Structure formats: C-alpha cells, structure tokens
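Here's the structure, in structure tokens; my notes come after.
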Ligand SMILES: *Cc1c(COP(=O)(O)O)cnc(C)c1O
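Residue numbers (the working numbering): 10 to 472.
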C-alpha cells in the first residue's frame with residue numbers, strides 16, 4: 010500500500026513514511042492510493058473474534074509489509090491491555106435501537122487513548138529500525154496531551170514536550186499529565202492561553218533549523234496511523250451487532266473530523282454502514298457545511314465539550330479529496346480559498362456525494378445538559394458532555410432498519426462540573442486514577458516566548 014497527498018505534491022510513500030511524517034510537505038494530508046476492500050466473507054469470518062484479531066484484519070491492508078501479522082497482533086494486544094475493560098471498547102444498549110460505544114476505558118479516560126496507545130508502539134518500531142530519535146511537541150487544552158504522554162512515557166526513542174495554558178486546564182487534566190515522572194516526559198505550562206500554546210508549537214515547526222536539529226514530530230489528529238487505529242472499534246461494534254448481515258449507523262461527536270473519518274474508512278473497507286452522523290456542539294462548521302454547502306470559519310465559542318471547540322476540521326480535507334473525485338487541483342483551490350477568504354463552497358456534486366453517507370446535527374449547551382439528565386433518568390447511565398452531544402443528535406436519526414451506535418468519547422469523571430450542573434452529582438474518578446490527586450507534580454512554567462521555550466527544549470534534547 011502506498012500513500013499520496015491530498016494536494017498532489019507528494020506520492021509513493023510507505024506506511025512507515027506517513028506514520029512518521031504526519032503532515033505532507035505540500036501541506037496536504039496523506040491518504041491511501043486506493044481503498045482496499047474486505048469481502049462479506051472476510052467480514053463474516055471476523056464475527057466472534059477477539060478485539061485484537063479484528064484490529065489486525067482491518068489495519069493490515071493499509072500497512073504494506075510494515076509488520077508481520079503476529080507482531081502486529083502482539084502490539085495491538087499490548088495496547089488493548091492498557092484498557093480497564095475485558096471488551097476494550099464495550100457496547101451498552103440504551104433502548105431498542107440505540108447503543109453506546111464506550112471508548113473511555115483507557116489510561117486517560119478518553120477515546121484518544123485507543124489510537125495513541127497503538128501509534129506510540131508503531132512509532133517506536135519504526136524509529137528503532139531507523140536508529141532515530143524524535144522530539145514530539147504538542148499543545149493541549151485537555152485530552153490530547155495526557156493521552157500522548159501516557160502512550161509515549163515508556164518510549165526509548167521519543168522525548169515528548171506538551172504545552173498547556175498555565176492555570177487554564179482542569180486540575181484532573183493537569184495532574185494526568187504532570188504526575189507522569191518518566192525522564193522523557195516534559196510538561197510546560199505557558200503563561201498564556203491555549204491559542205498561545207498552539208501558536209508556539211506552530212512557530213517551532215516553522216522554524217526550519219530548530220525543526221531539523223530537534224527532529225520534531227507531531228502526533229495530532231491528522232496523523233494517518235491514528236485514524237487507521239480508530240477503524241478498529243467501528244468494526245468490533247458493527248460485528249457484535251450482526252454485521253455484515255445487519256446494517257448499522259454511527260453518530261460521532263466531532264471536532265477535527267478524525268474519529269468520524271475512521272468510520273468512513275471502515276465503510277470504504279466494506280463494512281455495511283448505513284449512516285455516519287456528524288454531531289457538533291455550537292461550533293458547528295461541519296453541520297453548516299453538510300447542510301448548506303458553505304464551509305465558513307467563524308469564531309470559537311467555549312462550551313462544556315471543549316474537545317469539540319474547533320474553528321476548522323483539518324481531516325475534512327480527506328473526505329473532500331474523495332468527494333472531488335480525488336482531484337488534487339480541486340482540493341488546492343478550496344484550501345486556498347479557505348486560507349484567503351476563511352471560507353469555500355463545496356461543489357454541488359461533491360456535496361450530494363457526501364450526503365449519501367453522512368448526515369449531521371448540532372446540540373447547544375442547554376440541549377447537552379438536558380441530554381445528560383434524560384439519559385441518566387431513563388437508563389441510569391451518566392454520560393459526559395461530548396457523549397451527550399452525540400446522543401442528542403443520534404436521537405433524531407434513529408430508524409427502524411438499523412441499530413444506531415453513538416460514540417461515548419470521554420468518561421464523565423473528566424467533566425464533573427457539567428455533569429453536576431445537569432444531575433446534581435459529581436461522578437467519581439475511577440479508582441485506578443485516584444493516585445494522581447496526591448502524586449507529586451512535575452512541570453515548568455515558562456513565559457509565552459518562543460526563544461525561551463525553544464531554549465528549554467533544546468537543552469533537554471541535546472543535553
Ligand atoms: C478529541 C475529542 C473529540 C473529537 O474528536 P475528533 O477526532 O477531533 O473529531 C470528541 N470527544 C472527545 C472527548 C475528544 O477528546
């Protein structure tokens with residue numbers, strides 16, 4: 010399997026290349042040169058197999074000869090072993106046609122653990138082979154940073170630096186990062202806000218000499234291997250509800266379009282998915298794009314589901330590429346318009362093509378709280394605000410001929426304030442995380458100053 014860039018400037022890359030590169034040099038995103046397909050018989054043979062076996066079957070067609078089957082199986086079993094549930098990503102039935110796919114049983118209680126635990130292990134193998142070390146730099150407002158730190162804390166080939174806005178992440182989120190004491194893990198609290206952190210990371214990647222000297226690498230949601238690893242739970246969930254004989258639909262709380270694009274990949278791979286429903290909070294650029302054809306950037310409104318408070322959805326470019334008949338010039342034209350005018354219009358045919366599989370909806374803050382209350386009252390389940398966005402939207406896309414699976418992307422204990430506002434009680438932190446509340450924290454507080462941050466990192470990377 011070879012990979013190409015959505016903007017046409019790079020091609021013939023291996024899985025290992027795109028795993029380590031993240032963004033393509035022309036600014037585009039890597040996609041497979043063609044979509045592999047598993048036959049209905051292949052899918053049937055995966056029923057009643059365990060999580061890791063399904064994972065190997067869906068990931069292998071995209072990985073060329075990167076790893077022999079047995080080694081990949083072992084790697085995935087190890088990643089799955091960091092989850093605190095025998096089914097790894099269990100399904101819970103809420104009513105006749107609505108199911109919750111719980112993706113939050115990993116070490117940091119959010120769905121990003123699934124892909125990050127696998128990505129870290131794949132990267133270690135690639136780096137070991139190449140005899141290379143890299144420096145991962147990321148900015149976080151919450152979930153991504155802790156998932157990355159947990160995943161890379163044992164890596165011998167990676168130094169990881171995570172920037173967060175000083176005093177502006179919740180105590181649990183901060184402590185999930187700062188109580189990890191591995192020598193390769195570095196937490197930097199920036200005296201500024203999340204945008205300042207992101208701007209610093211971007212500036213470091215744009216500083217060519219620094220980037221080369223530090224061997225910077227990114228693990229953000231545009232990394233292809235992260236998306237690929239998320240295909241797994243679409244497959245396990247659909248299979249356990251009767252695929253390939255019974256069609257299913259998924260509703261996905263969406264920010265950067267990474268998670269739901271993995272659902273699209275599963276569909277391309279031949280999994281019978283009837284609908285993929287995009288669920289957004291009031292930051293609804295995707296919902297507006299799918300309903301009006303106009304993809305238009307507005308400001309970000311902070312909500313109780315912060316991991317979906319985004320201005321643009323980077324991975325949407327991958328879907329556009331396919332909907333535009335894989336024409337890189339057409340993608341470039343839309344992306345130029347986005348850069349210059351902060352908006353573009355999706356050509357009519359492409360929009361119609363997307364709307365054959367995708368649907369969308371949004372939930373405002375009142376609807377999120379009401380959904381948390383309703384789910385608790387009717388089923389006894391406590392859901393987090395991101396999950397509630399999904400459930401609220403899922404309810405208007407139920408149908409008689411498919412099971413609806415709504416993705417539960419975070420554990421409610423990560424967002425206790427919103428949950429308390431909705432139902433008057435605070436969900437408890439799971440026992441396995443209790444230690445972070447008392448463990449010693451390790452972090453450096455730095456000013457919002459590129460030179461100072463680069464100097465801090467360089468000192469630790471080059472000794
Ligand atoms: C990251 C995140 C999302 C959004 O996922 P995307 O892949 O960016 O669409 C939703 N919920 C939670 C809890 C997250 O951490």
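In this text, a Cβ means the ideal position worked out from N, Cα and C, and glycines have one as well.
As the structure is a prediction and not an experimental result, all values here were calculated from the model.
**Prompt:** Sorted by chain position, which residues of the same chain lie with C-beta nearer than 7 angstroms to residue 40's C-beta, five sequence neighbours on each side aside?
**Reply:** Taking the first residue of the chain shown as 1, we reach residue 40 at position 31. Result list for residue 40: 12, 13, 15, 327 and 330, in chain order.
**Request:** Under 7 angstroms Cβ to Cβ from residue 363, same chain only, skipping five residues before and after it: list those, please.
**Result:** Indexing the chain shown from 1 puts residue 363 at position 354. 299, 328 and 332, listed in sequence order.
**Message:** Just to confirm the assignment: which complete alpha helix (DSSP H) runs, minimum length 4, are found wholly within the region 25-76?
**Reply:** Counting whole runs of 4 or more residues, the region 25-76 contains the alpha helix (DSSP H) stretches 49-54 and 60-68.
**Item:** Which of helix, strand or coil DSSP assigns to residue 101
**Value:** Within the chain shown, the letter at position 92 stands for residue 101. Strand.
**Asked** How would you call residue 190, buried or exposed, if buried means at least 16 neighbouring beta carbons within 10 angstroms?
**Response** For the purposes of this step, residue 190 is identified with residue 181 of the chain shown, where counting begins at 1. Around the beta carbon of residue 190, a 10 Å sphere encloses fewer than 16 other beta carbons of the protein chains shown; the residue is thus reported as exposed.
**Message:** ligand 1 and residue 232: does any heavy atom of the ligand fall closer than 7 angstroms to the residue's C-beta?
**Reply:** In the chain shown, the residue the question calls residue 232 occupies position 223. For residue 232, the CB stays at least 7 angstroms from every heavy atom of ligand 1.
**Asked** Is the closest heavy atom of ligand 1 to the C-beta of residue 395 under 7 angstroms?
**Response** One-based indexing of the chain shown puts residue 395 at position 386. Ligand 1 approaches residue 395 closely enough that one of its heavy atoms is under 7 angstroms from the residue's Cβ.
**Asked** Are there 16 or more other CB atoms within 10 angstroms of the CB of residue 105, so buried, or fewer, so exposed?
**Response** In the chain shown, the residue the question calls residue 105 occupies position 96. By the neighbour-count criterion, in which 16 or more other beta carbons inside 10 Å mark a residue as buried, residue 105 falls on the exposed side.
**Prompt:** Under a Cβ-count criterion, where at least 16 other Cβ atoms within 10 Å of its own Cβ denotes burial, should residue 184 be classed as buried or exposed?
**Reply:** Your numbering for residue 184 matches position 175 in the chain shown. Residue environment for residue 184: buried (at least 16 other C-beta atoms within 10 angstroms of its C-beta).
**Item:** CA nearest to the CA of residue 478, picked from 387, 410, 265 and 463
**Value:** Residue 478 is absent from the model: the chain starts at 10 and stops at 472.
**Request:** Along the beta strand (DSSP E) that carries residue 413, what are the first and last residues, could you check?
**Result:** On the chain shown, residue 413 is found 404 positions in, with the first residue counted as 1. First-last of the beta strand (DSSP E) with residue 413: 412-417.
**Message:** Taking 8 angstroms as the threshold (C-beta atoms), are residue 282 and residue 339 in contact?
**Reply:** As a first step, residue 339 must be located in the chain shown, where it is residue number 330. As a first step, residue 282 must be located in the chain shown, where it is residue number 273. No. Outside cutoff.
**Prompt:** Given that a residue counts as buried once 16 or more other Cβ atoms are within 10 Å of its Cβ, and exposed if not, what is residue 25?
**Reply:** In the chain shown, counting from the first residue as 1, residue 25 sits at position 16. Around the beta carbon of residue 25, 16 or more other beta carbons sit within 10 angstroms, so the residue counts as buried.
**Request:** With DSSP as the reference, label residue 352 as helix, strand or coil.
**Result:** For the purposes of this step, residue 352 is identified with residue 343 of the chain shown, where counting begins at 1. In the structure shown, residue 352 sits in a strand (DSSP, three-state: E or B).
**Prompt:** Given residue 429, which residues of its chain have a CB within under 6 angstroms of its CB, disregarding the five upstream and five downstream residues?
**Reply:** As a first step, residue 429 must be located in the chain shown, where it is residue number 420. The residues are 435.
**Message:** Tell me the DSSP secondary structure of residue 154 in three-state form.
**Reply:** Position 145 of the chain shown, counted from the first residue, corresponds to residue 154. Three-state DSSP puts residue 154 in a helix.
**Prompt:** Hey, how far is the Cα of residue 345 from the Cα of residue 208?
**Reply:** Numbered from 1 along the chain shown, position 336 holds the residue referred to as residue 345. Numbered from 1 along the chain shown, position 199 holds the residue referred to as residue 208. Rounded to the nearest angstrom, the two C-alpha atoms are 21 angstroms apart.
**Prompt:** Helix, strand or coil: how does DSSP classify residue 227 here?
**Reply:** Your numbering for residue 227 matches position 218 in the chain shown. If DSSP states are grouped into helix, strand and coil, residue 227 belongs with coil.
**Asked** Taking DSSP as the reference, what is the three-state secondary structure of residue 15?
**Response** Along the chain shown, read from residue 1 onward, the residue named residue 15 stands at position 6. The DSSP-derived three-state label of residue 15 is coil.
**Prompt:** In whole angstroms, what is the alpha-carbon distance linking residue 34 and residue 18?
**Reply:** The residue labelled residue 34 in the question sits at position 25 within the chain shown. The residue labelled residue 18 in the question sits at position 9 within the chain shown. Each residue's Cα considered, the two are about 8 angstroms apart.
**Prompt:** Taking all protein chains shown into account, do 16 or more other C-beta atoms lie within 10 angstroms of the C-beta of residue 116, making it buried, or fewer, making it exposed?
**Reply:** As a first step, residue 116 must be located in the chain shown, where it is residue number 107. For residue 116, the number of other beta carbons within 10 angstroms of its own is at least 16, and it is reported as buried.
**Prompt:** What residue from 244, 66, 368 and 378 has the CA that sits closest to residue 255's CA?
**Reply:** Taking the chain shown and counting its residues from 1, one reaches residue 255 at position 246. Ranking the options by Cα distance to residue 255, first place goes to 244.
**Prompt:** How is residue 394 classed by DSSP in three states: helix, strand or coil?
**Reply:** Here residue 394 refers to the residue found at position 385 when the chain shown is read from its first residue. Residue state, collapsed to three classes: helix.
**Request:** Keeping to the same chain, check which residues put their C-beta closer than 6 angstroms to that of residue 276; ignore five residues upstream and five downstream.
**Result:** Here residue 276 refers to the residue found at position 267 when the chain shown is read from its first residue. Answer for residue 276: 282, listed in chain order.
**Prompt:** Can you list, in chain order, the residues of its chain whose CB lies under 6 angstroms from that of residue 82, leaving out five sequence neighbours each side?
**Reply:** Locating residue 82 in the chain shown gives position 73, where the first residue counts as 1. When the five nearest sequence neighbours on each side are left out, the beta carbons in the same chain lying within less than 6 angstroms of the beta carbon of residue 82 are those of 61 and 65, in order along the chain.
**Asked** Any C-beta of chain B sitting closer than 8 angstroms to the C-beta of residue 176?
**Response** You won't find chain B in this structure, because it holds only one protein chain.
**Message:** If you follow the beta strand (DSSP E) that residue 240 is in, where does it begin and where does it stop?
**Reply:** Position 231 of the chain shown, counting from 1, holds the residue named residue 240. Annotation for residue 240: no beta strand (DSSP E) segment contains it, though the alpha helix (DSSP H) segment containing it runs 233-249.
**Three or more C-beta pairs below 8 angstroms linking the region 186-206 and the region 446-464** = Segments in contact, yes.
**Request:** Can you tell me the Cβ-Cβ gap for residue 415 and residue 109, rounded? I've got them flagged as a contact below 8 angstroms.
**Result:** Reading the chain shown from its first residue, position 406 is the one you call residue 415. Reading the chain shown from its first residue, position 100 is the one you call residue 109. Yes, they are in contact, since the Cβ atoms of residue 415 and residue 109 sit about 6 angstroms apart, within 8 angstroms.
**Item:** Contact between the region 313-324 and the region 393-401 (3+ Cβ pairs under 8 angstroms)
**Value:** When C-beta atoms of the region 313-324 are compared with those of the region 393-401, three or more pairs fall below 8 angstroms, so the two segments count as touching.
**Asked** Among 182, 174 and 468, which one has its Cα closest to the Cα of residue 203?
**Response** Your numbering for residue 203 matches position 194 in the chain shown. Of the listed residues, the one whose Cα sits closest to residue 203 is 174.
**Message:** Is the separation between the beta-carbon of residue 144 and that of residue 171 shorter than 8 angstroms?
**Reply:** Working through the chain shown from its first residue, we reach residue 144 at position 135. Working through the chain shown from its first residue, we reach residue 171 at position 162. Cβ atoms of residue 144 and residue 171: not closer than 8 angstroms.
**Asked** Would the beta-carbon of residue 425 be found less than 7 angstroms away from any heavy atom of ligand 1?
**Response** Mapped onto the chain shown, residue 425 falls at position 416. No; taking the cut-off as 7 angstroms, the Cβ of residue 425 has no heavy atom of ligand 1 nearer than that.
**Asked** Among 335, 285, 373 and 337, which residue has its Cα nearest to the Cα of residue 318?
**Response** As a working mapping, residue 318 is identified with position 309 in the chain shown. Residue 318 has its Cα closest to that of 373, out of 335, 285, 373 and 337.
**Message:** Our contact map puts residue 384 next to residue 392 with C-beta atoms below 8 angstroms; I'd like the distance itself, whole angstroms only.
**Reply:** Taking the first residue of the chain shown as 1, we reach residue 384 at position 375. Taking the first residue of the chain shown as 1, we reach residue 392 at position 383. With a Cβ gap of about 5 angstroms, residue 384 and residue 392 count as contacting.
**Asked** Under the rule that 16 or more other beta-carbon atoms within 10 Å means buried, what is residue 73, buried or exposed?
**Response** As a position in the chain shown, residue 73 is number 64, starting the count at 1. Answer is exposed; the Cβ neighbour count stays below 16.
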